[in-house]
Amino acid sequence: MRNLIYAINVTMDGCCDHTKADGSEEILDYFTHLIRSVDVLVYGRKTYQLMVPFWPDVARNHSGQTRAMNDFAQAFDSVKQIIVFSQSLVRAEGKNTRILRTNLRDEILKLKQEQGEAILAGGAARVNGS
């Protein structure tokens with residue numbers, strides 16, 4: 032059975048707002064290592080739309096402001112599959128992306144039974160709460 036890892040960036044005072052600042056190199060290095068150890072990412076719509084197309088564009092253009100940003104972008108862009116749980120998203124912009132609208136818990140349990148590396152979920156309150 033595959034492991035399910037949940038990770039999220041949050042400050043000590045509970046702020047989780049990626050529009051206010053970029054992550055530090057240390058945080059980006061940690062998440063780069065984490066993403067390289069999985070082959071499926073699971074997000075909700077809002078997190079997915081924060082990540083795509085931003086990180087794939089950075090990967091394609093090597094346009095990160097730091098080495099850590101470019102490394103993270105390459106790792107993110109290399110993941111085998113991204114699954115987005117959303118009732119409102121009509122189409123996915125990213126490659127290797129599936130949109131699921133069904134029962135989140137059941138879909139995660141199915142994913143865990145499949146062969147492969149670990150599954151990384153992050154950012155979505157509904158993913159965390161299920």
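With the sequence shown counted from 1, adding 31 to any position gets you our numbering. Glycine included, every Cβ here is placed at the ideal spot set by N, Cα and C. None of the values given here were measured: they were computed from a predicted structure.
Where residue i sits in the DSSP three-state scheme
i, result
"Thr128", "strand"
"Asp70", "strand"
"Leu120", "coil"
"Val110", "coil"
"Val115", "strand"
"Ala149", "strand"
"Met43", "coil"
"Gln105", "helix"
"Met100", "helix"
Rounded distance between the beta-carbons of residue j and residue i, thought under 8 Å
i, j, result
"Ala149", "Arg33", "6 Å"
"Thr128", "Ile139", "Their Cβ separation, rounded to whole angstroms, is 17 Å, which puts Thr128 and Ile139 out of contact at 8 Å."
"Gly54", "Val83", "Not confirmed; about 17 Å, so no contact."
"Lys38", "Leu151", "Here the sequence assigns Ala to residue 38, which means Lys is not the residue at that position. 6 Å between Cβ atoms; contact."
"Val115", "Ala123", "6 Å"
CB of residue i within 8 Å of CB of residue j, strictly
i, j, result
"Asp60", "Val110", "no"
"Lys143", "Leu72", "no"
"Asp102", "Thr78", "no"
"Tyr74", "Gly147", "no"
"Glu145", "Thr97", "no"
"Asn40", "Ile58", "yes"
Span of the beta strand (DSSP E), counted from its first residue to its last, around residue i
i, result
"Leu81", "Unbroken run through Leu81 is the alpha helix (DSSP H), Arg76 to Met82; no beta strand (DSSP E)."
"Ile36", "Leu35 to Tyr37"
Residue i beta carbon near the ligand MG (any heavy atom closer than 7 Å)
i, result
"Asn92", "No copy of the ligand MG occurs in the structure displayed, which carries no ligand at all."
Unbroken alpha helix (DSSP H) run spanning residue i, endpoints
i, result
"Ile139", "Leu135 to Gln144"
"Asn92", "Phe85 to Asn92"
Between the segment 102-121 and the segment 79-93, can you find at least three pairs of beta-carbon atoms closer than 8 Å? Contact between the segment 79-93 and the segment 102-121 is present, because at least three Cβ pairs lie under 8 Å.
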